[in-house]
Each structure stands twice: as C-alpha cells, then as structure tokens.
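One structure is given below, encoded as structure tokens.
Numbering (the numbering used here), first residue to last: 2 to 192.
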C-alpha cells in the first residue's frame, strides 16, 4: 500500500507544470473532446510507466547492495532539484501533436513519446526500484498522472493561470528530496 500511495503523491505533485500537463492543455484546446484525451493519457501512462516501473524493479533485483540503494536515494534528490526547473512545451512540439489523428490516438502517441525521459518517468523507475512492485507503482503513478492532468484537460489554461506553479513545484521538490534523504538515512541505518 505504501508503494501505491507514495507513487500517487510523488507523480501527482511532479506532474504539475510538467510538459505533459502543458501538452494536455494544448490537446484539450485543439480537440475540445476531454474524454478521448483523458483515455489517451490513461493508456499512454499505463504503457510508459509500467515499462519504467518494471525496469526499476528489475534493476533492483539485479543490482543489490548499499551502493544501489544510495543511487536510488540520490535519484530522488536529483529529480527533486530538477522539479524546480519549469518545463515548457516547445512550440514545434505543440504544433505537430495530433496532426491528422483523432484526439484519442493523438493523445496516446504524444503522451507516450513526450513522457520518455521525463522526470515523472524517471521517478517511476526510481519508485519501481524502491518498491520492487511494478504493478502497484504503475497504478499509483497512473493515478497521480490522471489526478494532475484530468483537471488540466477539463479546465485548460484557466487552471494554470490560477495555481501558483512555483509553490507546487517547490512542494514536489521538497517531497522528492525528503524521500531521497529518508532512503539514504535508511540505507545508512539511521532510521
């Protein structure tokens, strides 16, 4: 249960202001059909994050020992610091997302591709490594992605104008760094 709840919290906070959230707003404005866009986000996230969580869990099986645990802890801290940097969806990316495709397929493909190498995907790998449970981590990260992106799809740009993204990014960064420090302290035997 800890894997599920931690995954939800980490990804929901990290996703606020992320380029995939901006992509959700762009797709919502372009297609004006929220249900297929939300379904596309769900399918893309399930596929992308399951592979990421599985990679993390397999890495945890393969790499054992203190050094690997410190590496996982450090990855949370790095992602936390990265979270402080605002993402921007480049205009070329936004202009070509969904060209000639319906809202579901455009969203599924765009979200899957844009999520590759994104901080939420890297967090999912780290969570998979930490909990060695790809299914619960995927469920949690997917719920977190939907918790952040469904309001973005439904409310669009009005949501982004009202939420102080710098405060939310800071909260997400603090959460990532705290988890990293806790993991490092746990590995050292301090907690």
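Think of the CB as a built atom: it goes at the ideal place given N, C-alpha and C, for glycine as much as any other residue. Predicted model only: the values in this text are computed from it and were never measured.
*Return the CA-CA distance between residue 39 and residue 120, expressed in angstroms with no decimal places.*
20 Å
*Would you decide whether residue 192 is buried or exposed? Buried here means 16 or more other CB atoms lie within 10 Å of its CB.*
exposed
*Taking the Cβ atom as the reference point for each residue, do residue 57 and residue 129 lie within a distance shorter than 8 Å?*
yes
*Is residue 146 helix, strand or coil when you go by DSSP?*
helix
*Please confirm whether any heavy atom of the ligand MG lies closer than 7 Å to the CB of residue 179.*
This structure does not include the ligand MG; it has no bound ligands of any sort.
*How would you label residue 177, buried or exposed, when you count the other beta carbons within 10 angstroms and need 16 or more for buried?*
buried
*From residue 116 to residue 15, what does the alpha carbon distance come to, in whole angstroms?*
12 Å
*Run through DSSP, which three-state label would residue 94 get?*
Any reading at residue 94 is ruled out, since the residue's pLDDT is 47, under 50, leaving its predicted position unreliable.
*asked:* Under 8 Å: do the region 45 to 59 and the region 130 to 141 share three or more Cβ pairs, one atom per stretch?
replied: yes
*asked:* Let's see if you can read the secondary structure: which residues bound the alpha helix (DSSP H) around residue 55?
replied: 35 to 63
_residue 54 at chain C interface by Cβ criterion, 8 Å_ = No chain C appears in this structure, which consists of one protein chain only.
_Can you list, in chain order, the residues of its chain with a C-beta nearer than 8 Å to that of residue 6? Leave out the 5 residues immediately preceding and following it._
141
*asked:* I'd like to know whether the C-beta atoms of residue 135 and residue 55 end up nearer to each other than 8 Å.
replied: yes
*Spatial neighbours of residue 102 within its chain, please: CB distance less than 6 Å, with the 5 preceding and 5 following residues excluded, ordered by chain position.*
none
_Bounding residues of the alpha helix (DSSP H) (the contiguous stretch that carries residue 121)_ = 120 to 132
*Is it true that the CB of residue 17 sits closer than 8 Å to the CB of residue 149?*
yes
*asked:* Could you give the first and the last residue of the continuous alpha helix (DSSP H) run that contains residue 5?
replied: 3 to 16
_Simplified DSSP state of residue 26, which is helix, strand or coil_ = helix
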